[in-house]
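Numbering of the sequence shown is given in the working numbering, commencing with residue 208 and proceeding in unit increments.
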Amino acid sequence: MRKILFTSFFIIFTMSLMSGNAVFNIKDYGAKGNGKTINTKYINDAISACNLAGGGMVLVPKGLYITGTIIMQSNVHLYLESGAIIKGTDNLSEYKAYIPTKDMHKYGMAYFPNWTRGLIVATKASNMSISGSGIIDGSHVEDPKGEEGKRGPHGIVFGECSNFQITGISITRASNYAFVGYENENAYFSNLTMTEGWDGIHIRGGKNVIIHDCTFYTGDDAIAGGFWNNVSISNCFINTACNGIRVIFPASNLEIANCTFQGPGKFPQRSTFSGQRRNMLGAVVVQPGGWDYSPGHCDNINIHDLTIDSMNSAVSIFLNKGNSAGSVIVERIKATNIVLAAYSAESWNGGYFENVIFKDITTTFKGDANKNLRNLRLENTSIESRKMPYWGFYGKNIKNLTLENIDFSYTDAEVRSTFGFENIEKINMKNIKTKAVADVKRDVLIQCGNIISE
208 MRKILFTSFF IIFTMSLMSG NAVFNIKDYG AKGNGKTINT KYINDAISAC
258 NLAGGGMVLV PKGLYITGTI IMQSNVHLYL ESGAIIKGTD NLSEYKAYIP
308 TKDMHKYGMA YFPNWTRGLI VATKASNMSI SGSGIIDGSH VEDPKGEEGK
358 RGPHGIVFGE CSNFQITGIS ITRASNYAFV GYENENAYFS NLTMTEGWDG
408 IHIRGGKNVI IHDCTFYTGD DAIAGGFWNN VSISNCFINT ACNGIRVIFP
458 ASNLEIANCT FQGPGKFPQR STFSGQRRNM LGAVVVQPGG WDYSPGHCDN
508 INIHDLTIDS MNSAVSIFLN KGNSAGSVIV ERIKATNIVL AAYSAESWNG
558 GYFENVIFKD ITTTFKGDAN KNLRNLRLEN TSIESRKMPY WGFYGKNIKN
608 LTLENIDFSY TDAEVRSTFG FENIEKINMK NIKTKAVADV KRDVLIQCGN
658 IISE
């Protein structure tokens, strides 16, 4: 049903874009694609004219257009021809910020103008798009007054917007996130390529969002955010020196499907504390409250048909203070060379998981022969993955847990138990195949109820 609603939205939205046939060539408003002229005024004049005329296409022809902030407006279709490059100026005074029109405190950072600046910005706009086969180049403009003493404007910032799509283009060298959104509704991202910069697509507050057939080679999380409802991420290729998909606020009706996660990162992690590392952290990390206190319920989380290779962890799900979860289903996962952490579904200082299913999962882990890990005391964490006293799976504070058709193996030596279960009311285990570890039990149970094993 959710996919049908998404498809209906896309068809209606595309038809609304096609209703404005007028074309506004930015060169007709003074823009020059010579790589020297500052085109901020000229591009914005073309967009304003398009909006005043009731909508249409703002055409960016082949050329290199240096600019500050472009303000997107309702009913405007910004189209970048092949060979067209919109490149951010290194003059920070040319940039403007998204200023929230309502309370956004729960998302963090929304009230810092240095944070919400962007190369392209829209506020409370609707029925708009950015498409074509051109490039948006943020050029890694650094700001000594920005986060970490270096982060500059985002590539695209859309706040409180609805009915928009971003398709076909490439976004490279964003000076912070490639796209960041606040409380957007009915958003469609397709066939995008995002390289370097920090996060790729980061949405804080999103309803009815589709992200599909996108390619990420990012220096931070490829897709991140939270406070999501009806979000579908599918058929994406993700390579990063951080996390593939990281949910840091509550989410419901979330589908992550048919994606490939490949480490290590092509580009180094850009944060100053990272030491230019390239190892990929987690493929999928659902961690509401991972940054700050973010109360809320998670439900209908469906993660399936993923291929994962060479990173710290495959799928990790955490609940923190004020969080609870209904249904979480993880199935049809093939993962290789997982080097640090087991799969997990764990609640710390929050509510229970009602129903968790891990099914049809084949994974090869890198073993660890450190016997001290057997007695490792697990605690809550704000990081994405960490060493555990179990090498395959850890579950904590779950009412109903099902593990079915599991095939876990490891390379090198291993000294830990495969599974750790803590405070789980009912455990169903069916068709479990694991590589044995000498002198330890396969399963460690702490304050658990009924166990059904087949």
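Ideal placement from N, C-alpha and C gives every residue a C-beta, glycine not left out.
Residues near residue i in its chain [Cβ-Cβ closer than 6 Å; skip 5 each side]
| i | result |
| --- | --- |
| residue 298 | none |
| residue 497 | 455 and 589 |
| residue 571 | 543 and 616 |
| residue 635 | 609 and 659 |
| residue 266 | 230, 232 and 286 |
| residue 269 | 288, 290 and 291 |
| residue 240 | 270, 271 and 272 |
| residue 600 | 549, 550 and 626 |
| residue 613 | 568 and 639 |
| residue 276 | 302, 303 and 328 |
| residue 399 | 421 |
| residue 387 | 361, 364 and 409 |
| residue 373 | 337 and 396 |
| residue 377 | 342 and 400 |
| residue 654 | 630 |
| residue 475 | 448, 483 and 485 |
| residue 468 | 445, 451, 490 and 515 |
Alpha-carbon to alpha-carbon, residue j and residue i
| i | j | result |
| --- | --- | --- |
| residue 236 | residue 447 | 39 Å |
| residue 188 | residue 555 | Because the chain here runs from 208 to 661, residue 188 falls outside it and cannot be looked at. |
| residue 529 | residue 577 | 35 Å |
| residue 500 | residue 412 | 15 Å |
| residue 296 | residue 358 | 14 Å |
| residue 368 | residue 512 | 31 Å |
| residue 208 | residue 644 | Residue placement at residue 208 is flagged as unreliable, the pLDDT there being 38, under the threshold of 50; the coordinate-derived value follows with that caveat. Near 45 Å, if we compare the C-alpha coordinates of residue 644 and residue 208. |
| residue 435 | residue 379 | 26 Å |
| residue 618 | residue 355 | 38 Å |
| residue 458 | residue 394 | 16 Å |
| residue 641 | residue 502 | 36 Å |
| residue 637 | residue 397 | 38 Å |
| residue 444 | residue 328 | 26 Å |
| residue 253 | residue 408 | 27 Å |
| residue 451 | residue 258 | 37 Å |
| residue 322 | residue 442 | 30 Å |
| residue 621 | residue 392 | 47 Å |
| residue 384 | residue 563 | 32 Å |
| residue 249 | residue 347 | 23 Å |
| residue 345 | residue 438 | 27 Å |
| residue 339 | residue 234 | 17 Å |
| residue 470 | residue 611 | 27 Å |
| residue 247 | residue 461 | 38 Å |
| residue 415 | residue 518 | 30 Å |
CB of residue i within 9 Å of CB of residue j, strictly
| i | j | result |
| --- | --- | --- |
| residue 687 | residue 405 | Residue numbering for the chain in the displayed model covers 208 to 661; residue 687 lies beyond these limits and cannot be assessed. |
| residue 521 | residue 558 | no |
| residue 630 | residue 605 | yes |
| residue 466 | residue 508 | no |
| residue 274 | residue 305 | no |
| residue 429 | residue 401 | yes |
Nonlocal neighbours in the same chain, by C-beta distance under 8 Å from residue i, ignoring five residues either side
| i | result |
| --- | --- |
| residue 596 | 580, 581, 582, 583, 585, 623, 624, 627 and 651 |
| residue 245 | 273, 274, 275, 296, 298 and 301 |
As assigned by DSSP and simplified to three states, the class of residue i
| i | result |
| --- | --- |
| residue 641 | strand |
| residue 629 | strand |
| residue 359 | coil |
| residue 581 | helix |
| residue 480 | helix |
| residue 435 | strand |
| residue 399 | coil |
| residue 254 | helix |
| residue 211 | In this prediction, residue 211 has a pLDDT of 39, which is less than 50 and means its spatial position is unreliable; what the coordinates show is noted afterwards. Helix, per DSSP. |
| residue 235 | helix |
| residue 553 | strand |
| residue 312 | helix |
| residue 538 | strand |
| residue 498 | coil |
| residue 249 | helix |
| residue 598 | strand |
| residue 321 | helix |
| residue 611 | strand |
| residue 586 | coil |
| residue 547 | coil |
| residue 333 | strand |
| residue 300 | helix |
| residue 354 | helix |
| residue 271 | strand |
| residue 652 | strand |
Cutoff 7 Å; reference residue i; Cβ partners in own chain excluding five residues on either side
| i | result |
| --- | --- |
| residue 491 | 451, 452, 463, 510 and 522 |
| residue 506 | 459, 532, 533 and 534 |
Cβ pair count under 8 Å reaching 3, the segment 330-341 against the segment 309-318
no
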